[in-house]
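Enquirer: Protein sequences appear in the order of chains A and B. If you're matching positions, the first sequence starts at 1 in this note's numbering and goes up one per residue. If you're matching positions, the second sequence starts at 1 in this note's numbering and goes up one per residue.
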Amino acid sequence: MSINEGSTPAVQNYIPSREFMKGARDTIPLLLGALPFGMIYGTLAITAGLSRAAAIGMSALVFAGSAQFIAVGLIASGTPVLVIIATTFIVNLRHLLYSTTLLPHLKKLPVIWRMPLAFWLTDETFAVSVHRWMAEDSSPNKHWYQLGSSLAMYLNWQFWCFMGLVLGESIPNAAEWGLDVAMPVTFIGMTIPFVKNLPMLVCVLTASFCALVFNGLPYKAGLMIACALGILSGLISERLRRAGRSGRRI
Amino acid sequence: MSGTELTIILGMTLVTFGIRGLILLFSGRIEISGAWESALVYVPPAVLSAIIAPSVLMPRGSLDVSFGNFYLISGCAALIAGIIFHRYALWAAIVTGLAVFGLYRFFLL
């Protein structure tokens, strides 16, 4: 007994159920953050003319907040299906960054673990579990931690989306109220934290300006062009800034 | 659920799960180069602003910079609040934007 006294409590923390609960618990602040999104998504889905089944189905199967948001906005403005799917692809590309980061840890797991964890890999769960994966301790059950965070996010998202649906359905003529103002307002709040340096500001301003200029193009092509030019302008100004700095040093 | 809705949902599901899972399925056989990785950082803000600008400045399809455009008024309020309270940018923008929208609707219709 005296030998185990030091190690037992730590090892006990590594058992699957503990890891699972800890993952869920560490995600709580982010669950709160998903509340307005879920509610607004649900409300807007109804306003956009989506059926209740489709709105719920999208949350359950796609499970990607910003992509769902954008899709609902695009559906409302009568965008062709292929453009909606292409936009989803672009919006979710950032998840490639997450799976690449987690790859060294997740590739040791069997496929039956890798696939559900990939399906549930959101910004929030990535942010929480990447710290767990990178922690020094040698717990063999860190995937249970990520599963806990994943399921907490998933159930929470379904719940708030449903509440939003109920709200959307209980407001008569929600579409005519202009409640869709919630979308740009939310997006503005999402964009501000990204703008931490000059290249980001250049990217945001270029994308905004180009989106206005190319707004009339068919198939919402303007959106794609504006994104591409925004990203390009950000990359170019990043290069220029780096070149300018090293130039000054010489 | 209509056929179009089903197509949209299945397409979005495939694309999203593909991005999240493909690299994990073929673990180790795909590598992302540094250049692509630095471009990915700009994707979310670029997409978001490309959606925000027209929906706020052209809510009816053509440029509308006037006090009659409540999308623009609410958007400006959200932007200012988000910058001032940048640590809570998301909440500040949502609350302020919707509050200004509510006041606008209530007093001016």
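Note that beta-carbon positions come from the ideal geometry of N, C-alpha and C, so glycine has one too.
Terminal residues of the continuous alpha helix (DSSP H) containing P36(A)?
Expert: Taken as a continuous stretch (DSSP letters only), the alpha helix (DSSP H) holding P36(A) covers 28 to 47.
Enquirer: Buried or exposed: G34(B), going by 16 or more other Cβ atoms within 10 Å of its Cβ?
Expert: With fewer than 16 other Cβ atoms within 10 Å, it is exposed.
Enquirer: Tell me whether the beta-carbon of A46(B) lies closer than 7 Å to the beta-carbon of P193(A).
Expert: Not closer than 7 Å, so no.
Enquirer: Which residues of chain A have a Cβ atom closer than 8 Å to the Cβ of S66(B), listed in chain order?
Expert: Result: empty, since nearest Cβ-Cβ is about 15 Å, beyond 8 Å.
Enquirer: So with Cβ pairs under 7 Å, would you call L235(A) a contact of chain B?
Expert: It does: the Cβ of L235(A) has a partner Cβ on chain B nearer than 7 Å.
Enquirer: Using CA atoms only, rank isn't needed, just tell me which of L147(A), S138(A), E124(A) is closest to I112(A).
Expert: The candidate whose alpha carbon is nearest that of I112(A) is L147(A).
Enquirer: Can you find a CB in chain B that lies within less than 7 Å of the CB of N92(A)?
Expert: Yes, its Cβ sits closer than 7 Å to a Cβ of chain B.
Enquirer: For a contact defined as C-beta to C-beta under 9 Å, what are the partners of G78(A) on chain B?
Expert: Those within 9 Å of G78(A) in chain B number zero; the least Cβ separation is about 11 Å.
Enquirer: Going straight from the alpha carbon of T87(A) to that of Q12(A), what length do you get?
Expert: Roughly 45 Å separates the two Cα atoms.
Enquirer: Where R52(A) and G82(B) are concerned, what is the direct C-alpha to C-alpha distance, given to the nearest angstrom?
Expert: Distance between the alpha carbons of R52(A) and G82(B) is about 32 Å.
Enquirer: Taking all protein chains shown into account, decide if G97(B) is buried (16 or more other Cβ within 10 angstroms of its Cβ) or exposed.
Expert: Looking at its Cβ environment, which holds 16 or more other Cβ atoms inside 10 Å, G97(B) is buried.
Enquirer: How about V81(A) and T7(B): are their beta carbons less than 7 Å apart?
Expert: Their beta carbons are under 7 Å apart, which means V81(A) touches T7(B) by this criterion.
Enquirer: Taking C-beta pairs closer than 8 Å, name the residues in chain A that G82(B) reaches, listed in chain order.
Expert: Chain A residues near G82(B): I188, G189, I192.
Enquirer: Select from the stretch 37 to 53 of chain A all residues with a C-beta closer than 7 Å to any C-beta belonging to chain B, and list them in chain order.
Expert: If the cut-off is 7 Å between Cβ atoms, the stretch 37 to 53 of chain A has L50, S51, A53 near chain B.
Enquirer: For A221(A), go through chain B and note every residue whose CB falls closer than 9 Å to its CB, in chain order.
Expert: Chain B residues near A221(A): none, gap ~12 Å exceeds 9 Å.
Enquirer: What residues of chain B sit near S208(A), judged by a beta carbon separation below 8 Å?
Expert: Neighbours of S208(A) on chain B, chain order: S49, A50, I52, A53.
Enquirer: Just the Cα atoms here: how many angstroms apart are L117(A) and S150(A)?
Expert: Going by the C-alpha atoms only, they are around 7 Å apart.
Enquirer: Report buried or exposed for V185(A), applying the criterion of at least 16 other Cβ atoms within 10 angstroms of its Cβ.
Expert: Result: buried.
Enquirer: What distance in whole Å lies between the Cβ atoms of F119(A) and G135(B), which are believed to be in contact at a cut-off of 8 Å?
Expert: Outside the shown range of chain B, which is 1 to 109, sits residue 135(B), and nothing can be said about it.
Enquirer: Buried or exposed: N197(A), going by 16 or more other Cβ atoms within 10 Å of its Cβ?
Expert: With fewer than 16 Cβ atoms within 10 Å of its Cβ, N197(A) is classed as exposed.
Enquirer: From A39(B) to K107(A), what does the alpha carbon distance come to, in whole angstroms?
Expert: Each residue's Cα considered, the two are about 25 Å apart.
Enquirer: What residues of chain C sit near R20(B), judged by a beta carbon separation below 7 Å?
Expert: Of the protein chains in the structure, A and B, none is chain C.
Enquirer: Which same chain residues, not among the five before or five after A67(A), have their C-beta less than 6 Å away from its C-beta?
Expert: Excluding sequence neighbours, A67(A) sits near T88, V91, N92.
Enquirer: Taking K142(A) as part of the alpha helix (DSSP H), name the residues at either end of that continuous run.
Expert: Residues 142 to 170.
Enquirer: Would you report the Cα separation of R57(B) and L103(B), rounded to the nearest angstrom?
Expert: The sequence given here has Leu at residue 57(B), not Arg. Going by the C-alpha atoms only, they are around 20 Å apart.
Enquirer: How about C293(A) and A226(A): do their beta carbons lie closer than 7 Å?
Expert: Outside the shown range of chain A, which is 1 to 250, sits residue 293(A), and nothing can be said about it.
Enquirer: For the candidate residues L223(A), M115(A), H95(A), whose alpha-carbon lies nearest to that of L25(B)?
Expert: Out of L223(A), M115(A), H95(A), M115(A) has the C-alpha closest to the C-alpha of L25(B).
Enquirer: Grab the span of the alpha helix (DSSP H) containing N197(A) for me, first residue to last.
Expert: From DSSP, N197(A) is part of no alpha helix (DSSP H); its letter is neither H nor E.
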